[in-house]
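Residue numbers (this note's numbering): 1 to 363.
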């Protein structure tokens, strides 16, 4: 039989050539590695900032003008009812799905109330802190006040006697509550640094940075795992690219399959006599049948690194299966979306609380 023409055909659902290289190297290798490096750098920075934040207090530096950290108990200023308070108003909603009811409390307004207060510092000094609404409070939202069926307010508050860390800048200033004018003029007062904001924290200063570092490391591990899984899917492509052989195979049999996953199953013979089965699009069976009816065979280009289905591909250039592309886009997209909307502390993000069932009734 005439060996027949060399068909310009590739395995079913395969992306070959430059497009395959872009998918494998850019989407499956470079992007996961880049995201891993990105979150690793952020994790190291957060860990370093946590260590520096702790060191600023643990160093026991004397209180003097300049950047400083106070650590001690809060004392309200005379005539003041509050030191610092953040109120977050939330709107309640409930929905019914196929799995039952669920509800959510979504932030729609936020207020910061701040007044000057004093810190009885662990080093023995009583320092006035001139907090303003621009200051940041790091504390638990441990108070909830329900005003209506679908309205509530969550509150974080610095109270008298509470142990806090305060980061800002010490300056020489007047304390209006000091006993003498001369003493008032020479006292140290803590204010927000120029171009920055005052930080009042009920937890060690480094803790929020350590939590940030843990979150970044978790996502770094996720991106590493995704990269490894993608390249496991791409194993055949890598083997055909770096250890593969290009040759022309003889088509010795073919079979058409109909139905939802219609295709043409081709059996080919390599130069060493070994055979393989590979699927091509259904229409090629008609072309092969016409050639056979005319007394001709057919040949196909093959890239292989063995006769296993995983390592043999019909086509002139190594390719990657379209499923690998789709899964790569989906899972990387999900990972990037989760990273973007990852949990952040309430003082850095809009507060949304969700739960099962209907909105609880008012007490």
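Every residue gets a Cβ at the ideal spot worked out from N, C-alpha and C, and that includes glycine. Keep in mind that this is a model prediction, so the values were computed, not measured.
- Item | Extent of the continuous beta strand (DSSP E) to which residue 117 belongs | Within the chain shown, the letter at position 117 stands for residue 117. 117-121 is the extent of the beta strand (DSSP E) around residue 117.
- Task: For the beta strand (DSSP E) containing residue 6, list its first residue and its last residue.
- Result: Taking the chain shown and counting its residues from 1, one reaches residue 6 at position 6. Note, residue 6: premise wrong, no beta strand (DSSP E); not H, not E.
- Task: Compare the Cα-Cα distances from residue 130 to each of 75, 258, 278 and 332 and report the closest residue.
- Result: In the chain shown, the residue the question calls residue 130 occupies position 130. Closest by alpha carbon: 75.
- Query: Hey, residue 168 and residue 136: beta-carbon distance below 8 Å or not?
  - Reply: Position 168 of the chain shown holds residue 168. Position 136 of the chain shown holds residue 136. No, the pair does not count as a contact, with Cβ atoms beyond the cut-off.
- Message: My output table needs one value for residue 89: the three-state DSSP class, helix, strand or coil.
- Response: Within the chain shown, numbered from 1, the residue matching residue 89 stands at position 89. Here residue 89 sits in strand by DSSP.
- Query: Grouping DSSP H, G and I as helix and E and B as strand, with all else coil, what is residue 163?
  - Reply: Translated into positions along the chain shown, residue 163 becomes position 163. The answer is strand: DSSP assigns residue 163 an E or B state.
- For residue 217, which residues of its own chain have a beta-carbon under 7 Å away from its beta-carbon, when the five flanking residues on both sides are left out? Position 217 of the chain shown, counted from the start, is the residue given in the question as residue 217. So the qualifying residues of the chain are 43.
- Message: Using the Cβ count rule (16 or more neighbours within 10 Å means buried), how would you classify residue 157?
- Response: Taking the first residue of the chain shown as position 1, residue 157 is located at position 157. That one is buried.
- Task: Could you check if residue 12 is buried or exposed, using at least 16 other CB atoms within 10 Å of its CB as the buried criterion?
- Result: Reading the chain shown from its first residue, position 12 is the one you call residue 12. Buried: at least 16 other Cβ atoms inside 10 Å.
- To which residues does DSSP link residue 67 through a beta bridge? Mapped onto the chain shown, residue 67 falls at position 67. 169, per the DSSP bridge assignment.
- Take the Cβ of residue 319 as the centre, count every other Cβ of all protein chains shown within 10 Å, and call the residue buried at 16 or more, exposed below. For the purposes of this step, residue 319 is identified with residue 319 of the chain shown, where counting begins at 1. With 16 or more other Cβ atoms within 10 Å, it is buried.
- Query: Where does residue 183 sit, in a helix, a strand or coil, going by DSSP?
  - Reply: For the purposes of this step, residue 183 is taken as residue 183 along the chain shown, with counting starting at 1. Any reading at residue 183 must be qualified, since the residue scores a pLDDT of 47, below 50, and its modelled position is unreliable; the value itself is stated next. Three-state result, residue 183: helix.
- Query: Got a sec? Which residues, its chain only, sit under 8 Å from residue 291 by beta carbon, not counting five neighbours each side?
  - Reply: What you label residue 291 is simply residue 291 of the chain shown in a count that begins at 1. Contacts found: 4, 5, 297 and 298.
- Query: Taking the continuous alpha helix (DSSP H) assigned at residue 14, which residues delimit it?
  - Reply: Counting from one through the chain shown, the residue named residue 14 turns up at place 14. It is not in any alpha helix (DSSP H) - residue 14 instead sits in the beta strand (DSSP E) that spans 14-16.
- Leaving out five residues before and five after residue 323 in sequence, what residues of the same chain have Cβ atoms less than 6 Å from its Cβ? Stepping through the chain shown from its first residue, residue 323 is reached at position 323. So no residue of the chain qualifies.
- Query: Per the contact definition of three or more C-beta pairs closer than 8 Å, is the stretch 331-351 in contact with the stretch 45-56?
  - Reply: no
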